[in-house]
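In the working numbering, the protein residues as written are 90 to 179.
By construction, the Cβ of each residue, glycine as well, lies at the ideal position given by its N, Cα and C atoms.
Read the structure below first, then the notes.
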């Protein structure tokens with residue numbers, strides 16, 4: 090199961106990275122995900138899920154792969170990501 094979300098934005102890069110970091114922290118709190126930065130990309134993982142949040146000057150791109158056991162949470166995770174991106178990058 091895969092999540093692939095692209096959200097255009099008009100924030101400057103530093104501000105967009107800060108918002109993406111807040112998203113990663115929110116996901117970490119709600120879904121017990123570990124994460125860390127590598128350049129302009131946040132990599133996250135936990136048992137059964139891994140992915141990344143890539144931040145560019147005009148797009149935030151969230152990709153995640155959910156394992157079989159977590160596939161039941163896909164719609165919840167995807168909805169939470171959409172809600173956060175819509176709220177902070179509108």
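Nearest CA to the CA of residue 144: which residue from 108, 92, 90, 91?
In the chain shown, residue 144 corresponds to position 55, counting from 1. Considering only alpha carbons, the answer is 108.
Whole-angstrom distance between residue 152 and residue 124, CA atom to CA atom
Looking up residue 124 in the chain shown gives position 35. Looking up residue 152 in the chain shown gives position 63. About 13 Å.
How would you label residue 157, buried or exposed, when you count the other beta carbons within 10 angstroms and need 16 or more for buried?
For this step, residue 157 is matched to residue 68 along the chain shown. When all chains shown are included, residue 157 counts as exposed.
Classify residue 91: buried if its beta carbon has 16 or more other beta carbons within 10 angstroms, exposed otherwise.
Translated into positions along the chain shown, residue 91 becomes position 2. Exposed.
Of all the alpha helix (DSSP H) runs that stay within the bounds of the region 107-176, which reach a length of 4 or more residues?
none
Whole-angstrom Cβ separation of residue 113 and residue 142, contact assumed at under 8 Å?
For the purposes of this step, residue 113 is taken as the residue at position 24 of the chain shown. For the purposes of this step, residue 142 is taken as the residue at position 53 of the chain shown. Rounded, the Cβ-Cβ distance is 6 Å, consistent with contact.
Distance CB(residue 136)-CB(residue 116) smaller than 9 Å
For the purposes of this step, residue 136 is taken as residue 47 along the chain shown, with counting starting at 1. For the purposes of this step, residue 116 is taken as residue 27 along the chain shown, with counting starting at 1. The answer is no: Cβ separation not under 9 Å.
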